[in-house]
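S.K.:
Protein chains in written order, with my numbering: chain A, 2 to 162; chain B, 122 to 223.
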C-alpha cells in the first residue's frame, strides 16, 4: 500500500548469529550508525552471537581464518595453531587505528546511545547460560515471537548477520 | 547556496550545513537550533564550544570522541540533541558534518 513516508527507515532490528569479530563489528557499526542518523535500533543476539554479550566470552572474540576467501589465507594455513590469534591481533590493531572501540566498550556505547540489546531465549537455554553470565546492561531475554512483536510499525527493517 | 537566517545570510550546502565557518555567530547558532526544535541551554553551548574547538584544531569528530571529551557523556548527548545528535550539534555549531561511521 502506498504511504507518504517515502521508504524512510525508522527502525533497524539487527539479528547477530555469529561472534566472529568481523561480524560483531558489522552489527555494532550498523546499529550505532542507525542511532547516529536518528533511526531506532535493536540488537538480538542468537546462537553463537550470544557470546558477544556473554560477560567472560566477549573479551575473547576472534576473527575466523578458515573458510573466508577474502582473508587470502589458504584454508590449511588458516587452521594452523596461532593463526587465529595472529589475525585477531592484526584486526584489533587496524580497528584501533580507525578509533574503533573494543567490543565491550562498543556495547556500552550502543547502550548509552539507546540501542536495545536482547538475548535469544532459545539460544540461552541451548548454551545453558543464565542472566548472571550476561552483560549487565542487557535489556532482557526474548523469544523470537517477542522480538518480532517489537518490529511493528512502518519503516522497520530486519537484518540477519 | 545562500540561506537567509534571522537577520543574516549564510552559505550552506544541500543538507543545510554551513560551508563558511567564519560566517557563524551565536545568533545564527540560536536560529539553527530553532530550526532543529532545540532550545539552547548552557549545557548545549558547552558542547557547541567543544565541537568548534575541535574543528579549529582539525580533529575529526565522532560520537566516541564526544563521549570521551569529559564535556558530556553519550547518554546526555543523545538527550540534549535528540535523534541524530552529532549531525544536529555540528550543524548548529556551523562546522561540516563529520564523515565518521562511529
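We treat Cβ as the ideally placed atom computed from N, Cα and C, and that holds for glycine.
Can you tell me whether residue 174 of chain B is helix, strand or coil according to DSSP?
M.R.: For the purposes of this step, residue 174 of chain B is identified with residue 53 of the second chain, where counting begins at 1. Secondary structure at residue 174 of chain B: helix, using DSSP grouped into helix, strand and coil.
S.K.: How is the alpha helix (DSSP H) around residue 196 of chain B delimited, first residue to last?
M.R.: Sequence index remark: in the second chain, residue 196 of chain B carries index 75 (1-based). Unbroken alpha helix (DSSP H) run through residue 196 of chain B: 195-201.
S.K.: Assign residue 129 of chain B to one of three DSSP states: helix, strand, or coil.
M.R.: If you number the second chain from 1, residue 129 of chain B lands on position 8. Of the three classes helix, strand and coil, the one that applies to residue 129 of chain B here is strand, per DSSP.
S.K.: Which residues in chain B sit within 9 Å of residue 86 of chain A, going by Cβ to Cβ distance?
M.R.: On the first chain, position 85 is the one that residue 86 of chain A refers to. Near residue 86 of chain A there are no residues of chain B at all, since even the closest Cβ is about 25 Å away, more than 9 Å.
S.K.: Where are the beta strand (DSSP E) runs, 3 residues long or more, that stay fully inside the region 90-147 of chain A, in chain order?
M.R.: 117-121 and 141-143
S.K.: May I ask you to list the residues that DSSP assigns as paired with residue 161 of chain A?
M.R.: To locate residue 161 of chain A, count along the first chain from 1; it is residue 160. According to DSSP, residue 161 of chain A bridges with A/16.
S.K.: Between the alpha carbons of residue 185 of chain B and residue 136 of chain B, how many angstroms are there, rounded?
M.R.: In the second chain, counting from the first residue as 1, residue 185 of chain B sits at position 64. In the second chain, counting from the first residue as 1, residue 136 of chain B sits at position 15. Whole-angstrom Cα-Cα distance: 23 Å.
S.K.: Whose Cβ in chain B lies nearer than 7 Å to the Cβ of residue 30 of chain A?
M.R.: Here the question's residue 30 of chain A lines up with position 29 in the first chain. Listed by position along chain B, the residues whose Cβ is nearer than 7 Å to that of residue 30 of chain A are 222 and 223.
S.K.: From A/92, A/62 and A/53, pick the residue whose C-alpha is nearest to that of residue 72 of chain A; which is it?
M.R.: Taking the first chain and counting its residues from 1, one reaches residue 72 of chain A at position 71. Here the closest residue by C-alpha is A/92.
S.K.: From the beta carbon of residue 125 of chain B, is the nearest beta carbon of chain A less than 8 Å away?
M.R.: Locating residue 125 of chain B in the second chain gives position 4, where the first residue counts as 1. Not one chain A Cβ lies under 8 Å of residue 125 of chain B.
S.K.: Strictly below 9 Å CB to CB, what residues from chain A border residue 205 of chain B?
M.R.: Sequence index remark: in the second chain, residue 205 of chain B carries index 84 (1-based). Per Cβ cutoff of 9 Å: 36, 37, 38, 39 and 40.
S.K.: Could you give the DSSP three-state label for residue 151 of chain B: helix, strand or coil?
M.R.: To locate residue 151 of chain B, count along the second chain from 1; it is residue 30. It is helical.
S.K.: Using a Cβ-Cβ distance cut-off of 8 Å, determine whether residue 178 of chain B contacts chain A.
M.R.: Within the second chain, the letter at position 57 stands for residue 178 of chain B. No, its Cβ sits nowhere closer than 8 Å to a Cβ of chain A.
S.K.: What runs of the beta strand (DSSP E), each 3 residues or longer, lie entirely inside the region 23-72 of chain A?
M.R.: 41-46
S.K.: So, is the C-beta of residue 196 of chain B closer than 8 Å to a C-beta in chain A?
M.R.: In the second chain, the residue the question calls residue 196 of chain B occupies position 75. Put simply, the CB of residue 196 of chain B is near chain A, with a gap under 8 Å to one of its CB atoms.
S.K.: For residue 222 of chain B, count the other beta carbons within 10 Å of its own beta carbon; 16 or more makes it buried, fewer makes it exposed. Which is it?
M.R.: Taking the second chain and counting its residues from 1, one reaches residue 222 of chain B at position 101. Exposed, since its Cβ has fewer than 16 Cβ neighbours within 10 Å.
S.K.: May I ask you to list, following chain order, the residues of the region 55-67 of chain A that have a beta carbon less than 7 Å from some beta carbon of chain B?
M.R.: none
S.K.: My assumption, with CB atoms under 8 Å, is that residue 154 of chain B sits in contact with residue 213 of chain B. Please give the rounded CB distance.
M.R.: Residue mapping note: residue 154 of chain B aligns to position 33 of the second chain, counting from 1. Residue mapping note: residue 213 of chain B aligns to position 92 of the second chain, counting from 1. So it is a contact: roughly 5 Å between Cβ atoms.
S.K.: Run through DSSP, which three-state label would residue 84 of chain A get?
M.R.: The residue labelled residue 84 of chain A in the question sits at position 83 within the first chain. It is helical.
S.K.: Starting from residue 77 of chain A, trace the alpha helix (DSSP H) in both directions and tell me its first and last residue.
M.R.: Taking the first chain and counting its residues from 1, the one referred to as residue 77 of chain A is at position 76. First-last of the alpha helix (DSSP H) with residue 77 of chain A: 76-79.
S.K.: Just to confirm, are residue 76 of chain A and residue 68 of chain A a CB contact at a threshold of 8 Å?
M.R.: By one-based count along the first chain, residue 76 of chain A stands at place 75. By one-based count along the first chain, residue 68 of chain A stands at place 67. Contact flag set, yes.
S.K.: Beta carbon of residue 79 of chain A, beta carbon of residue 66 of chain A: below 8 Å?
M.R.: Residue mapping note: residue 79 of chain A aligns to position 78 of the first chain, counting from 1. Residue mapping note: residue 66 of chain A aligns to position 65 of the first chain, counting from 1. The answer is yes: Cβ separation under 8 Å.
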